[in-house]
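First residue of the sequence shown: 53, per the working numbering; consecutive thereafter.
Backbone N, C-alpha and C define an ideal beta-carbon position, used for all residues, glycine too.
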Amino acid sequence: MFILDLILAGNSLWIMGVGYFPFYLSAWGVGVSIGTHLLLMVAHFKPDYDPVFDKMAKAAFEICFALEGFIAFYYWSFLFPYMKFDWKLFSSYQATIFMHGVPIVMIIIEAIYNSIVFNYKTGWQRILWTMGSYLYLQYAAKEFQGFSPYFDADPSSPVYWLIVALNLVFSQTIYFIEAFVQNYIKTGSGLSRNDARVSVMSSQFKDLLNFLQ
């Protein structure tokens, strides 16, 4: 997964250029995707178990899965239909399939074959932090390149804050849907391991109370 992501998705970053990387969420997604697959690959082949590294790889996976889900849905639903590409040019595939298709496909394949279970209690905060960090750069982009990449970043406009709120809510929605599906497939329950343990303990405690009564 790492090699394919690095070659195909990484190629799209190369044609975009380093100067544009901070201002486009799609570029963020590619960078996060490549970094996540690298962490997971190292964690898989690491001879000694390192709990800190393991947690870091799992956290990166949670962020990447939600971020790529958000980017893929947003791009293919709202941006791609209004763009025109010359499909005879290789660059058209670099800007579409390589950047907005390969990362989400790679992370879905990774999700199918790994055993990672999402932790709701911390995961939603990670994706909130990631999206919040980017939204500031959406505003800063106007100063550096003269325009905002996706929507007019004017903090004095109520519409701007409405769009920001909708993006944050939608990214959280994507996260919880993916987390529930992933956990359900891996454990038979949509709960995280911690939540599941609490539920079992509560049930056992309730049975004990009923027995004592």
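Residue i - containing alpha helix (DSSP H), residue span
i: F113; result: P103 to Y126
i: T88; result: L77 to F97
i: F196; result: Y172 to Q197
i: Q146; result: Neither: Q146 is in no alpha helix (DSSP H) and is coded neither H nor E.
i: A231; result: P210 to T239
i: V157; result: V154 to Y165
i: L65; result: G62 to M68
Buried/exposed call for residue i, threshold 16 Cβ in 10 Å
i: F257; result: A caution first: F257 carries a pLDDT of 37, below 50, which makes its placement in the model unreliable, though a value can still be read off. Exposed, since its Cβ has fewer than 16 Cβ neighbours within 10 Å.
i: F122; result: buried
i: F170; result: buried
i: Y236; result: exposed
i: D57; result: buried
i: Q234; result: buried
i: F75; result: buried
i: I188; result: Correcting the residue type first, residue 188 is Tyr in the shown sequence and not Ile. Exposed.
i: P342; result: Any question about residue 342 goes unanswered here, given that the chain covers just 53 to 265.
i: S64; result: buried
i: H152; result: buried
i: G69; result: exposed
i: S208; result: exposed
i: Q177; result: exposed
i: L214; result: exposed
i: H89; result: buried
i: V211; result: exposed
i: W66; result: exposed
i: W139; result: exposed
i: I156; result: buried
Cβ distance (whole Å) where residue i is taken to contact residue j below 8 Å
i: L60; j: F203; result: That pair is no contact at about 28 Å.
i: M108; j: F54; result: Contact doesn't hold; Cβ gap of about 16 Å is too wide.
i: S167; j: K110; result: At roughly 10 Å, the Cβ-Cβ gap does not stay under 8 Å, so S167 and K110 are not in contact.
i: S85; j: I159; result: 6 Å
i: G175; j: Y227; result: 6 Å
i: Y172; j: A231; result: 6 Å
i: I161; j: Q224; result: I161 to Q224, Cβ: 24 Å. No contact.
i: E120; j: G62; result: Incorrect: roughly 15 Å between the Cβ atoms, too far for contact.
- request: Count the C-beta pairs between the region 111 to 120 and the region 128 to 143 that are closer than 8 Å, then say yes if the count reaches three, no if not.
  value: no
field: Three or more C-beta pairs below 8 Å linking the region 141 to 148 and the region 184 to 195
entry: no
- request: Examine the Cβ distances between the region 98 to 105 and the region 199 to 219 and report whether three or more of them are shorter than 8 Å.
  value: no
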